[in-house]
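Residue numbers (our numbering), protein chains in the order written: chain A, 1487 to 1907; chain B, 1487 to 1907.
Encoded as structure tokens, the structure appears first; notes follow it.
And the structure:
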């Protein structure tokens, strides 16, 4: 099982703080694991010969993988596209610079699909190499799952953090919109593009978020939600659920039962129509914005693009401003309905994906369970712990109200413990 | 007077559509005017030897100046900073590509202050060369005012569109947040950075916006607001007004009188406290975000930065997440108050700047009348037509509810006519 060989960020940092692990040694662990595994997993797009090892700051010694959609001034940045082969941005993306300022070591660039869209890349799923790791943050998720690194950055425009986390059996956290700075990524749809984090466990991803941002995200072992009866957890009965795989539906039901056993106030909650309509509006918003944001690339590099990407940008450019405005109206109504829903419930539980990672590398899987939350800007996390009969991971997605990242992370950490027990 | 020699976009397009002006001739007019004037005005940071002349599309033949904060793949892009001397981005900014797709000719890059912040650049005010043209979109505003080009792009994070438009006696339009795509600019504070447009008149800037976006922005000569008695125009009595120059205060009063004479329902309206508090929150939001967005530049290019810029980024990095969240709370409350205010009034009138362009090039002037509207995301426009005793222009700023760009532009066009009469 991949899970057993994953690197625990919390354990590494504890060892460092107790004087039992030197930052250089911590990074060397990752370099070793990468050397042993990446020829098969293909999670990395670039590995520097001599990474600059951070030795000061809260992330000193932490090797972090950077999705190759983020600019790095000292490593090539291809955005997953042959058009950008060998491209060297002048400066880092804001979050990369922030990670360096906190002491992190930029261990390498992880594989992104082309422009972080749907065209699959080369990375394989560490749990079964014949399956996709998901996308578009394929390399970041696989590198964690294969135990090569303790922390990684990704982005989500549709389902590119939560879905690969689910397929790879790790924790993937998409914070509230703009909690993490976005400058210096290759934008696809700016009103949706969101920076996310990956680590082996919910506890680790929460720790990573706290150390990166300097925010109190309260997911330490002593900070778990105490008065669980007052925390309302709702199994989200959206219409999509019927189309999910039976094993995923069973996992979700089991997750809700375990949450109840762990002391939370668990119930079921239906999907307001305005939220279903908002989900349907995601495509027009995404594609209209991609028509603008990626128009400059289409103009110069069309013949170095997949037909899937080029066609999507072209179709986006054909969407009228009126149709875009109409879609944004549905999104706005959806946000009003989402706020109202989070008056009735604190945490929603829903599948991270329709099922386990599909066989083959021809698709990165389906983001249908993720698009709504990206559009709503609400924080979401994929909690690992379940698997299907073949042993492939199934993630449970927890979602909270915009800005309630701390509550989400602390409840998700408690649920992760409950799923393990 | 600079005004008399300005290029009318509407007249150029009319001539083109009637077969009286070839796109190449239209561009040649601008090239000539630039050759005659720019040695003194210094509005351009770069002029290509042979610009690619667009001959198809609604903006065919329109020479557009691009603030040097937008990426252009075929012209150097310096962001107003010596650190980026000779920088060539791989692709255009989204709005530059959009302008090209509409047929516009990228006539050159206009001077931006360093990173579009407050450190002054070399451009002079065409109305009096001893005065600043304002900033940060200094070159775009001056190039229009000097009659060199009919259209230009700028950006506003504090007051960088409305203020230079006011100082230069032209129309500057800051649309609703994200009406125009932002990808491919050098970000300073992403939640504030807004693309804006410049032209000689309100009618021109509305036409430019409509042709660029394909939106019905309804500012054609036949589309002026008909039922003016139903349009409530409010002179905005914010506390700042007392600190404005007497000539600006007189111009604002006169503007309100003229609006009433033109048939609008004119009154006065006070500033809700929540909006004053939101204005005060602008600095922490801007500087915290600049600490992140420009952190990568500080890390590599500190010794090529002005102390003003470097110090602002450093101070931004020292702002705590809690202080930033607190500032965002004030912004949110301000938005609620702004929406409520626009239930009582359709258009607010307020100075575009405290007074006329300051003497000297040591400062680009004061954005205090602009910051609130940037933070609120509401559309704003500087309407030309007034001047002080020395003949320096004074702009009147009109503001409307978020998303009501069409209403703003049509009322502002009518007011512009009224101011002339």
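All C-beta atoms, glycine included, are put in the ideal place defined by N, C-alpha and C.
Owing to the predicted nature of the structure, the values given are computational and were not obtained by experimental measurement.
Between the stretch 1499 to 1513 of chain A and the stretch 1571 to 1585 of chain A there are fewer than three inter-stretch CB-CB distances shorter than 8 Å, so the stretches are not counted as touching. Judged by their CB atoms, residue 1508 of chain B and residue 1703 of chain B are not nearer to each other than the 8 Å cut-off. Residue 1552 of chain A and residue 1851 of chain A have their alpha carbons spaced roughly 22 Å apart. For residue 1530 of chain B, no alpha helix (DSSP H) run applies; the uninterrupted beta strand (DSSP E) run containing it begins and ends at 1530 to 1532, by DSSP. Of B:1831, B:1797 and B:1768, the smallest CA-CA separation from residue 1816 of chain B is found for B:1768. Under the 10 Å beta carbon count, residue 1564 of chain B is surrounded by 16 or more other beta carbons and is classified as buried. Note on geometry: alpha-carbon atoms of residue 1699 of chain B and residue 1686 of chain A lie some 45 Å from one another. Distance from the CA atom of residue 1655 of chain A to the CA atom of residue 1897 of chain A, rounded to whole angstroms, is 18 Å.
Interface residue (Cβ-Cβ distance to chain A less than 8 Å): residue 1782 of chain B is classified as such. Around residue 1840 of chain B, the same chain offers 1729, 1730, 1731, 1734, 1852, 1854 and 1855 as residues with beta carbons nearer than 7 Å, after the five sequence neighbours per side are excluded. Looking only at B:1576, B:1618, B:1626 and B:1740, the smallest Cα-Cα distance to residue 1843 of chain B is reached by B:1618. Counting only Cβ-Cβ distances below 8 Å, residue 1668 of chain B has contacts in chain A at 1676, in chain order. Secondary structure note for residue 1663 of chain A: it is in no alpha helix (DSSP H), with a DSSP letter that is neither H nor E. Burial state of residue 1753 of chain B is exposed, judged by a 10 Å Cβ sphere holding fewer than 16 other Cβ atoms.
Not flagged as an interface residue toward chain A: residue 1845 of chain B, since no C-beta distance is shorter than 8 Å.
Here residue 1673 of chain A carries a coil assignment [DSSP, helix/strand/coil]. Close CB contacts of residue 1804 of chain A within its chain, under the 8 Å cut and outside five residues either way in sequence, are with 1777 (chain order). Partner residues in the beta bridge of residue 1596 of chain B, as assigned by DSSP, are B:1530 and B:1553. For residue 1781 of chain B, the enclosing alpha helix (DSSP H) stretches over residues 1781 to 1787. DSSP lists A:1882 as the beta-bridge partner residues of residue 1837 of chain A.
A distance of 8 Å or more separates the beta carbons of residue 1631 of chain B and residue 1620 of chain B. The C-beta of residue 1500 of chain A comes no closer than 8 Å to any C-beta of chain B.
As computed with DSSP, residue 1722 of chain B is found in a beta bridge with B:1755. Within the stretch 1802 to 1866 of chain B, the alpha helix (DSSP H) runs of at least 4 residues that lie entirely inside it are, in chain order, 1807 to 1830 and 1857 to 1862.
Per the coordinates, the alpha-carbon of residue 1837 of chain B lies some 9 Å from the alpha-carbon of residue 1737 of chain B. The stretch 1795 to 1809 of chain A makes contact with the stretch 1595 to 1607 of chain A: 3 or more CB pairs, one atom from each, lie closer than 8 Å. At least 8 Å separates the CB of residue 1548 of chain B from every CB of chain A. Using a CB distance cut-off of 8 Å, residue 1578 of chain A counts as an interface residue toward chain B.
No Cβ of chain B is located within less than 8 Å of the beta carbon of residue 1828 of chain A. By the criterion of a C-beta distance shorter than 8 Å, residue 1904 of chain A is surrounded in its chain by 1744, 1745, 1747 and 1748, once the five residues flanking it on both sides are discounted. For the stretch 1611 to 1657 of chain B, the continuous alpha helix (DSSP H) assignments of 4+ residues that do not extend past its boundaries occur at 1624 to 1631 and 1648 to 1654, in sequence order.
Secondary structure at residue 1798 of chain B: helix, using DSSP grouped into helix, strand and coil. Within the same chain, 1754 and 1756 come within 6 Å of residue 1723 of chain B by CB-CB distance, once the 5 residues on both sides are set aside. Counting of Cβ neighbours within 10 angstroms places residue 1894 of chain A among the buried residues, the total reaching 16 or more. Identification of residues in the stretch 1692 to 1706 of chain A having a C-beta nearer than 9 Å to some C-beta of chain B yields 1699, 1700, 1701 and 1702, given in sequence order.
Taking C-alpha positions only, residue 1515 of chain B is separated from residue 1549 of chain B by approximately 9 Å.
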